[in-house]
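Working notes, structure below.
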Amino acid sequence: MYDRTTDPDAHIKAFTNAMAFRTGYDVIWCRAFSLSLEGEALEWFNSFPNNSIENFEGIGCKFKKQFAACNTQDITVVDLMNLKQEKEESLKAFMDRYQKTIRWVKGLTLELALQYVLPALRPRSFKDNIRRCPPKTMEELRERVVDEIRVENMKQGDKKAASKAKGEKGDGRKYENQTGRLKTVGTREMPRPPRFQQYTPLNAPREKNFQEALNAELIPPPKRCPTPHGADLNKHCLYHKNMGHSTEECVTFRDKIEELI
């Protein structure tokens with residue numbers, strides 16, 4: 001459908017090619033032409049008085065003259081020579097742009113189309129590949145572009161995998177959590193060896209021991225620790241003021257009590 005936003009010459013060519021397979025009657029072409037228009041272009045067609053259209057050639061000429069301002073500007077060989085791959089432009093994006101451009105260069109030969117692609121490329125491995133073994137046809141060039149894009153995508157995938165593995169390795173360092181265990185992110189929790197060979201039995205729950213030690217200022221008021229991700233929210237530690245383990249299970253507090261004893 002033509003709405004005056006594209007090249008009128010291209011629309012006439014597309015319409016005549018489509019109608020040539022259906023009928024050769026000029027009068028049908030004239031009547032069917034309006035079916036390929038919309039918006040302002042259709043309003044223009046409907047403005048003709050009845051019986052004012054003599055043949056399709058006439059309406060075609062008027063159509064192209066009416067929308068001449070929408071003609072696609074011809075691209076010259078000089079424009080093609082100045083076409084360059086941008087710094088951050090991928091090979092796929094550039095080759096799509098290059099092949100669209102050469103379609104609009106009138107009189108461009110295959111030899112020139114293949115010749116100008118080399119200086120347009122950024123200095124990367126694909127340019128060296130083309131320089132060593134120039135393609136003989138556009139089809140060969142397209143195949144080599146597809147192959148290079150596949151290799152680029154594989155390299156990008158390898159880089160992402162390596163970066164992810166490096167991040168996991170860094171996050172996988174061991175650290176001591178509030179229960180006094182050594183953890184490795186992404187692996188099972190490994191218990192830390194006890195600081196004492198044995199712990200003195202207590203005659204009261206550790207929660208009570210905690211309150212008594214705090215009131216007697218035997219231990220400093222502990223700072224609140226954030227609750228670890230994925231912690232058991234049914235357990236609460238008075239010493240660390242967070243969830244994930246109980247005061248009875250808190251190895252850090254057990255060590256503090258044993259130091260006082």
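Numbering (the UniProt record's numbering), first residue to last: 1 to 261. For every residue, glycine included, the Cβ atom is placed at its ideal position computed from N, Cα and C.
From T179 to Y199, what distance separates their C-alpha atoms? Numbered from 1 along the sequence shown, position 179 holds the residue referred to as residue 179. Numbered from 1 along the sequence shown, position 199 holds the residue referred to as residue 199. The predicted position of T179 is uncertain, since its pLDDT is 49 and thus under 50; no value can be drawn from it.
Can you tell me where the alpha helix (DSSP H) with W104 in it begins and where it stops? As a first step, residue 104 is located in the sequence shown; it is residue number 104 there, counting from the start. Premise fails: W104 is in no alpha helix (DSSP H) and is neither H nor E.
Residue nearest to I12 in terms of C-alpha spacing, selected from T5, S36, R31 and D26: As a working mapping, residue 12 is identified with position 12 in the sequence shown. Of the candidates T5, S36, R31 and D26, the one whose C-alpha sits nearest the C-alpha of I12 is S36.
With a CB to CB cut of under 7 Å and the five nearest residues on each side skipped, what residues in its chain are close to D9? For this step, residue 9 is matched to residue 9 along the sequence shown. Excluding residues within five positions, the ones whose Cβ falls inside 7 Å are K64 and N71.
Short Cβ contact (8 Å threshold) for H236 with C225: Numbered from 1 along the sequence shown, position 236 holds the residue referred to as residue 236. Numbered from 1 along the sequence shown, position 225 holds the residue referred to as residue 225. Going by C-beta atoms, H236 is not nearer than 8 Å to C225.
Between which two residues does the alpha helix (DSSP H) carrying D79 extend? Here residue 79 corresponds to residue number 79 of the sequence shown, with the count starting at 1. From DSSP, the alpha helix (DSSP H) with D79 extends over V77 to M81.
Compare the C-alpha of D3 against each of E38, A20 and S34 and name the closest. Sequence index remark: in the sequence shown, residue 3 carries index 3 (1-based). Measuring from the Cα of D3, the nearest candidate turns out to be E38.
Taking the straight line between their C-alpha atoms, what separation do you get for F253 and I219? For the purposes of this step, residue 253 is identified with residue 253 of the sequence shown, where counting begins at 1. For the purposes of this step, residue 219 is identified with residue 219 of the sequence shown, where counting begins at 1. F253 and I219: Cα-Cα distance of roughly 10 Å.
Just confirm the distance between the C-beta atoms of L141 and V117, as a whole number of angstroms; I'd bet it's less than 8 Å. Against the sequence shown, residue 141 aligns to sequence position 141. Against the sequence shown, residue 117 aligns to sequence position 117. With a Cβ gap of about 7 Å, L141 and V117 count as contacting.
In the DSSP assignment, find the alpha helix (DSSP H) that holds L202 and state where it starts and stops. As a working mapping, residue 202 is identified with position 202 in the sequence shown. Where L202 is concerned, there is no enclosing alpha helix (DSSP H), given that its DSSP letter is neither H nor E.
If you reduce the DSSP assignment to three classes, tell me which class A18 lands in. Taking the first residue of the sequence shown as position 1, residue 18 is located at position 18. Reduced to three states, the DSSP call for A18 is helix.
Would you call the region 14-33 in contact with the region 54-61, where contact means no fewer than 3 C-beta pairs closer than 8 Å? yes
Contacts around residue 279, its chain only, beta-carbon distance under 6 Å, and the 5 residues preceding and following it disregarded: Residue 279 lies beyond the residue range present for the chain, which begins at 1 and ends at 261; the question has no answer from this structure.
In the structure shown, what three-state DSSP assignment does M95 receive? The residue given as residue 95 occupies position 95 in the sequence shown. M95 falls in the helix class under three-state DSSP.
Which value, in whole angstroms, describes the spacing of the CA atoms of K84 and A231? Here residue 84 refers to the residue found at position 84 of the sequence shown. Here residue 231 refers to the residue found at position 231 of the sequence shown. For K84 and A231, the distance between alpha carbons rounds to 56 Å.
Rounded to the nearest angstrom, what separates L233 and N209 at their Cα positions? In the sequence shown, residue 233 corresponds to position 233, counting from 1. In the sequence shown, residue 209 corresponds to position 209, counting from 1. Going from the Cα of L233 to the Cα of N209 covers about 23 Å.
Chain-order list of residues whose beta-carbon lies under 6 Å from that of A213 (same chain, five-residue window excluded): Taking the first residue of the sequence shown as 1, we reach residue 213 at position 213. For A213, where only same-chain residues beyond five positions count, the Cβ hits under 6 Å are I219.
Should V105 and L80 be called a contact, given that it needs their Cβ atoms to be closer than 8 Å? Here residue 105 refers to the residue found at position 105 when the sequence shown is read from its first residue. Here residue 80 refers to the residue found at position 80 when the sequence shown is read from its first residue. Yes, the Cβ-Cβ distance between V105 and L80 is below 8 Å.
Per DSSP, which one or two residues make a beta bridge with C237? Working through the sequence shown from its first residue, we reach residue 237 at position 237. BP columns for C237 point to N242.
Given V145, which residues of its chain have a CB within under 7 Å of its CB, disregarding the five upstream and five downstream residues? Position 145 of the sequence shown, counted from the start, is the residue given in the question as residue 145. Excluding positions up to five away in sequence, the list reads L91 and M95.
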